[in-house]
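There are 2 protein chains.
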Amino acid sequence: MLLLPPGITNAVTATVRVPMNIAFVKYWGKADERRMLPLNDSVSANLDDLYAESTIILTTDAEADGVIVNEVPMPVGEGTRFAKVFAEFRRMIAGTDHAQAKILVVSTTSFPVKAGLASSAAGFAAIAYGLGKVGELNDAQVARLARLGSGSACRSLYPGFVHWDSSKTGDEDTFVVPVESGIEFASTLFAAVFVIDNKQKTVGSSEGMKRSVQTSNFLKYRVQEVVPHHVNLIKEAVSTADFITFADVTMRESNSLHAVCLDSLPPLSYLNETSFAMINAVHDFNSTPAGVTAAYTFDAGPNAVVLAQLTNAQRLISHFSRLPWAKFVFETKDEQLKEVLNVQEENNHGDLPEIRVILTKVGKGPAVVP
Amino acid sequence: MLLLPPGITNAVTATVRVPMNIAFVKYWGKADERRMLPLNDSVSANLDDLYAESTIILTTDAEADGVIVNEVPMPVGEGTRFAKVFAEFRRMIAGTDHAQAKILVVSTTSFPVKAGLASSAAGFAAIAYGLGKVGELNDAQVARLARLGSGSACRSLYPGFVHWDSSKTGDEDTFVVPVESGIEFASTLFAAVFVIDNKQKTVGSSEGMKRSVQTSNFLKYRVQEVVPHHVNLIKEAVSTADFITFADVTMRESNSLHAVCLDSLPPLSYLNETSFAMINAVHDFNSTPAGVTAAYTFDAGPNAVVLAQLTNAQRLISHFSRLPWAKFVFETKDEQLKEVLNVQEENNHGDLPEIRVILTKVGKGPAVVP
Numbered sequence: 001m002l003l004l005p006p007g008i009t010n011a012v013t014a015t016v017r018v019p020m021n022i023a024f025v026k027y028w029g030k031a032d033e034r035r036m037l038p039l040n041d042s043v044s045a046n047l048d049d050l051y052a053e054s055t056i057i058l059t060t061d062a063e064a065d066g067v068i069v070n071e072v073p074m075p076v077g078e079g080t081r082f083a084k085v086f087a088e089f090r091r092m093i094a095g096t097d098h099a100q101a102k103i104l105v106v107s108t109t110s111f112p113v114k115a116g117l118a119s120s121a122a123g124f125a126a127i128a129y130g131l132g133k134v135g136e137l138n139d140a141q142v143a144r145l146a147r148l149g150s151g152s153a154c155r156s157l158y159p160g161f162v163h164w165d166s167s168k169t170g171d172e173d174t175f176v177v178p179v180e181s182g183i184e185f186a187s188t189l190f191a192a193v194f195v196i197d198n199k200q201k202t203v204g205s206s207e208g209m210k211r212s213v214q215t216s217n218f219l220k221y222r223v224q225e226v227v228p229h230h231v232n233l234i235k236e237a238v239s240t241a242d243f244i245t246f247a248d249v250t251m252r253e254s255n256s257l258h259a260v261c262l263d264s265l266p267p268l269s270y271l272n273e274t275s276f277a278m279i280n281a282v283h284d285f286n287s288t289p290a291g292v293t294a295a296y297t298f299d300a301g302p303n304a305v306v307l308a309q310l311t312n313a314q315r316l317i318s319h320f321s322r323l324p325w326a327k328f329v330f331e332t333k334d335e336q337l338k339e340v341l342n343v344q345e346e347n348n349h350g351d352l353p354e355i356r357v358i359l360t361k362v363g364k365g366p367a368v369v370p
Numbered sequence: 001m002l003l004l005p006p007g008i009t010n011a012v013t014a015t016v017r018v019p020m021n022i023a024f025v026k027y028w029g030k031a032d033e034r035r036m037l038p039l040n041d042s043v044s045a046n047l048d049d050l051y052a053e054s055t056i057i058l059t060t061d062a063e064a065d066g067v068i069v070n071e072v073p074m075p076v077g078e079g080t081r082f083a084k085v086f087a088e089f090r091r092m093i094a095g096t097d098h099a100q101a102k103i104l105v106v107s108t109t110s111f112p113v114k115a116g117l118a119s120s121a122a123g124f125a126a127i128a129y130g131l132g133k134v135g136e137l138n139d140a141q142v143a144r145l146a147r148l149g150s151g152s153a154c155r156s157l158y159p160g161f162v163h164w165d166s167s168k169t170g171d172e173d174t175f176v177v178p179v180e181s182g183i184e185f186a187s188t189l190f191a192a193v194f195v196i197d198n199k200q201k202t203v204g205s206s207e208g209m210k211r212s213v214q215t216s217n218f219l220k221y222r223v224q225e226v227v228p229h230h231v232n233l234i235k236e237a238v239s240t241a242d243f244i245t246f247a248d249v250t251m252r253e254s255n256s257l258h259a260v261c262l263d264s265l266p267p268l269s270y271l272n273e274t275s276f277a278m279i280n281a282v283h284d285f286n287s288t289p290a291g292v293t294a295a296y297t298f299d300a301g302p303n304a305v306v307l308a309q310l311t312n313a314q315r316l317i318s319h320f321s322r323l324p325w326a327k328f329v330f331e332t333k334d335e336q337l338k339e340v341l342n343v344q345e346e347n348n349h350g351d352l353p354e355i356r357v358i359l360t361k362v363g364k365g366p367a368v369v370p
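Here the protein sequences line up with chains A and B, keeping their order.
For what it's worth, full-length UniProt numbering labels the leading residue of the first sequence as 1, then goes sequentially.
For what it's worth, full-length UniProt numbering labels the leading residue of the second sequence as 1, then goes sequentially.
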């Protein structure tokens, strides 16, 4: 049962859980900053166990809007992304009983916010999904609210593989659509999220995208030629459960994104030497007679997300456990993946740097927490 | 006076000195592996004090061809680049007095061979230039011999800025041409070569180029659109002594090359974290009110070459001397640059890693050593 904050008695509430998503065809560059429209399509799936859980409270008992994330109050004043989302929500519910209500959000994430994982995308997806419940919004409105908060948040709203279609720009358009057989294919996969420490201060995605749009020659070509090709290939790979093509496109897409970053001026460098060691480790894993059985992908940060089929989980964990340059510390909340972890061998890894690895299944959709 | 090796009495000899060059518009990708034709044009200048000095001996007193580089005998058998160059040289001088002579080469480089600098390009340029002297070859023949040994070697054969034109593919074509006012502009510049240690084992340029040609989407676009635009811009910048445009294109070209490398599968990563720290240091230097007064460029390795006008030498050295993450140890053979080094301040840099920096003027051509 939800405990309302002190002084709040009359309220409409919803508590929701929404996972963060990882893109296999990458979003990099905005066509419209204000409306948060992307320059190109992207394709993603959710990482089930990396989620934001948010309670949304609409009440006239509060004096002002408020957002608390992992017990820390966030600024919600003009110019913040929260204010932008709340203003649009109020436009959507104008004329209803709740039009005068204040909005309170209490949110927690199941993963470290400062680990360079996309916590704000999951957070805004949860806020949008929760506002949709309390405000009785339709799917297109919820998706648009999520996108306003953090572009890629809109991809967290559906189970399976989802396709964010950049050609759908109207306010009532359905711009996030499920990929055919995306739930079935996702159910055969898992992800290993490698939390890699980043000593260098990096440029945030929004600022980085802007720089690439302004200075990179390759971004234009990527948007016009590379991404449409990759979107077709990966949708076909998902719908036919063709892991090899899925992995090939996923790795090329990650490389393509970081190549565009490097082609910017000043260049954007999100990968560090550990990231490249991870890339090499995956290519080595794929060079065995078993063939291409894993794929890496990196967002705007050094953390690797490695995708593989559940049937290859033990082999992948053994491979990383044997690497001589780090001690990988695996953890998971998933019962099936917990069993797989039993293969971990004891190694003389005492002196090596530790890298935390979160194992999770993929493709779960958002849910209302009862 | 040249001392001939023991047993060699009847010989034709030449001793030459040829500097290594650094490209500002980069060569990456071969159109023809056998003839060493490039996929795209490139533009470079020589680094005066980083040179190979080679003595070429044609003699019938020797039993076999031989090459000694920095006192180490090199393999010259079938399949080596030396054998390829010597065979082509013999075809060129067929029917002359020297057609039956063996070829001996004794070469030294003025810089460390294993520092990841382009020692083989300077070496092959010197061999080709020396063979041209003893074999009385024309310029096109010398350039073709140099290219056969190491593609970019052909760019070392002229003073000032040179343009390697990929459209000139005939055997008698002049494919390396001076850039208008290139000697004048070069005379206003100097280069700082930062010798950065590379812990990672990298893929050699030839193999790396092949991988990019086979797998990178961006390489095609680079060859067709980006490079022609950059060649025009940089030729114009050189001929009008427009340092700002020269620097802008130089940095974009370096980034573009490394972006193509990253867009390859598996990705090629030649820059390390020190390289990126160097890139940031140059952008910081260019962010002062003095404006864009330096440019970095990186070949297929972590070493930065920073170009600047001689009038900014003191300011550049001061800037690097003050950086808190390394102790830069400057050295130069050039009298004018030696004076500039007096500005180096004593710093508490005792515990920092040392980075060796070679200062040199640019644009000197090859020469016969008397």
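We treat Cβ as the ideally placed atom computed from N, Cα and C, and that holds for glycine.
In the DSSP assignment, what are the bridge partners of residue i?
i, result
"K102/B", "T59/B"
"Y296/A", "V306/A"
"E331/B", "I358/B"
"P38/A", "K30/A"
"G66/A", "L104/A"
"L47/B", "M20/B, V362/B"
"S54/B", "V16/B, S107/B"
"A326/A", "DSSP lists no partner for A326/A."
"V368/B", "V16/B"
Here's the rule: buried if 16 or more other CB atoms are within 10 angstroms of the residue's CB, otherwise exposed. What is residue i?
i, result
"S167/A", "exposed"
"S275/B", "buried"
"R155/A", "buried"
"P38/A", "buried"
"W28/A", "buried"
"L3/A", "exposed"
"T293/A", "buried"
"T332/B", "buried"
Go to residue i, then tell me how far its beta strand (DSSP E) extends in each direction, as first and last residue.
i, result
"V72/A", "72 to 74"
"L148/A", "Counting along the chain, L148/A falls outside any beta strand (DSSP E), though it belongs to the alpha helix (DSSP H) covering 139 to 149."
"F194/A", "189 to 195"
"F161/B", "161 to 164"
In the DSSP assignment, the alpha helix (DSSP H) including residue i goes from what residue to what residue?
i, result
"M20/B", "Where M20/B is concerned, there is no enclosing alpha helix (DSSP H), although the beta strand (DSSP E) it sits in stretches over 11 to 25."
"P228/A", "227 to 239"
"I279/A", "273 to 286"
"V260/A", "243 to 262"
"V177/B", "First-last for V177/B: 176 to 178, but that is the beta strand (DSSP E), not the alpha helix (DSSP H)."
"T96/A", "Taken as a continuous stretch (DSSP letters only), T96/A belongs to no alpha helix (DSSP H), as it is neither H nor E."
"G301/B", "Taken as a continuous stretch (DSSP letters only), G301/B belongs to no alpha helix (DSSP H), as it is neither H nor E."
Since residue i meets chain B, which of its residues come closer than 7 Å, beta carbon to beta carbon?
i, result
"residue 372/A", "Only positions 1 to 370 of chain A appear in this structure, which leaves residue 372/A out of reach."
"Y51/A", "Under the 7 Å cutoff, chain B gives no residues; its nearest Cβ is about 31 Å from Y51/A."
"V226/A", "N217"
So residue i contacts chain A; which residues on that side make the cut at Cβ distance below 8 Å?
i, result
"V260/B", "A259"
"V213/B", "Within 8 Å Cβ-Cβ: nothing; V213/B doesn't reach chain A, min ~15 Å."
"H283/B", "P266"
Run down chain B in chain order and give the residues with a C-beta less than 8 Å from the C-beta of residue i.
i, result
"N232/A", "Within chain B, no residue comes near N232/A; the closest Cβ sits about 14 Å away, beyond 8 Å."
Quick one: which chain A residues come within Cβ less than 7 Å of residue i?
i, result
"F276/B", "S269"
Against residue i, what residues of chain A qualify as contacts under a CB-to-CB distance less than 9 Å, listed in chain order?
i, result
"I279/B", "P266, P267, S269"
How about residue i: is its C-beta nearer than 8 Å to some C-beta of chain D?
i, result
"Y129/A", "Although the question refers to chain D, the structure presented lacks it and instead comprises the protein chains A and B."
Next item on the list: Could you list the residues in the region 263 to 274 of chain A with a C-beta less than 9 Å from some C-beta on chain B, going in chain order?
Entry: D263, S264, L265, P266, P267, S269, L271, N272, E273
Q. Mind listing which residues of the region 235 to 256 of chain B have their C-beta closer than 7 Å to chain A's C-betas, in chain order?
A. M251, R252, N255, S256
* To do: Scan the region 297 to 329 of chain A for residues whose Cβ lies nearer than 8 Å to a Cβ of chain B and list them as they occur along the chain.
  => none
### Task
For the region 153 to 182 of chain A, enumerate the residues whose C-beta is nearer than 7 Å to any C-beta of chain B, in chain order.
none
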